[in-house]
Amino acid sequence: MKKVILASIIAATSLMAASDKQIEDFYSQMVDSSVKVKVADRHKVAGDIEAVVVKLSKDGNSQDEIVFTKGDFIFPDVIDLKEQKSYLAEVKKEVIAKGISKIYKDEDKANIIVLGSDPKKPTIIMFSDPECPYCRAELAKIETTLKDNNVEIVLTPVHDVSSLQKSSLIYKDVKAAKSDSDKVKILRKYYAEDYNVDDKSVSKDDVAKIDNLRKKYFAAGVRSVPFIVNKSDLK
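First residue of the sequence shown: 25, per the numbering used here; consecutive thereafter.
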């Protein structure tokens, strides 16, 4: 699929009224004719500015592109200088949360590592990888995070086989954990930079299970780790 590079779209590109069809036609000129272009969603984000989610599909694969429109103009992003925020980043997270929500509600509990159960605290969902440096940093401060949040961790490694093996071992050991502190110790054991996994300790079937788990969430929009989303945003 030919990748649409939003950065190449010059701000204030004119579109006659920016209807769904006109936006679809605009994108269709930029991709291969075999790619299906469809406006999947549009909603106001600030004043009269709308965010438009354009779905590009081919051979069972799809990707979402986001553009903003007001009147006859489209923009690759809208920056709120006062609030210091990018609406593109916000809408991307909303789109991913929507994709995740469809599968997370039916996720096998064995694939969710639960830390904290305080009904007065919000819950965050963290997609993580035992070989990811930034994921290790999140784990290093997990006690601080748990002071204000419950945490649910799903292992979706972006690295090679060893990270899949470690993830499988984590899930296996966590089943026997009796407390949150036990779970954290298990996580830190396998997240340690100097931990080397024994290839014989994890079967190919178990590796395949983790591979299928991560692919499911990659397809839903998770592109990197750690990816953190508020559980309350999954609607």
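The beta-carbon is built from N, C-alpha and C at its ideal position, and this holds for glycine as well. No experiment lies behind these values; they were computed from the predicted model shown.
Short of 7 Å from the beta carbon of S58, and not among the five residues preceding or following it, lie these beta carbons of its own chain, in chain order: K82.
Inside the region 143 to 210, DSSP marks whole beta strand (DSSP E) runs of 3 or more residues at positions 147 to 152 and 174 to 179, from first to last along the chain.
DSSP, reduced to helix, strand and coil, places I124 within a helical segment of the structure shown. Here K126 has A244 as same chain residues with Cβ atoms under 8 Å from its own Cβ, once five neighbours each way along the sequence are excluded.
D222 and P181 do not touch by the CB rule: their CB atoms are close to 17 Å apart, not below 8 Å.
For V115 and I90, the gap between their C-alpha atoms comes out near 8 Å. For the options Y111, D96 and A121, the alpha carbon positioned closest to that of I103 is the one of Y111. In the DSSP assignment, V231 falls within the unbroken alpha helix (DSSP H) covering K228 to A244. In the structure shown, the three-state DSSP call for D72 is coil. If you draw a straight line from the Cα of G140 to the Cα of K62, it is about 41 Å long.
Note on Q189: 16 or more other CB atoms within 10 angstroms of its CB, so buried under the neighbour-count rule. Around the beta carbon of L105, fewer than 16 other beta carbons sit within 10 angstroms, so the residue counts as exposed.
Take C159, set aside five residues on each side of it, and the residues of its chain with a beta-carbon closer than 6 Å to its own are S152, D153, V249 and P250, in chain order.
For E217, there is no enclosing alpha helix (DSSP H), as DSSP marks it with neither H nor E.
In this structure, DSSP gives I103 an extended state, which the three-state scheme calls strand. Rounded to the nearest angstrom, the Cβ distance from L163 to L211 is 6 Å, consistent with a contact under 8 Å. About 7 Å separates the beta carbons of V253 and K117, which is inside the 8 Å limit, making them a contact pair.
Between the beta-carbon of V226 and that of S192 there is about 5 Å, and that keeps the pair under the 8 Å contact cut.
Within its own chain, the residues whose Cβ lies closer than 7 Å to the Cβ of K259, once the five positions on either side in sequence are excluded, are S125, listed in chain order. Following the DSSP letters along the chain, one finds I47 inside the alpha helix (DSSP H) bounded by residues D44 to S52.
In this structure the region 143 to 150 does not lie against the region 195 to 212, because fewer than three pairs of beta carbons, one per stretch, are closer than 8 Å.
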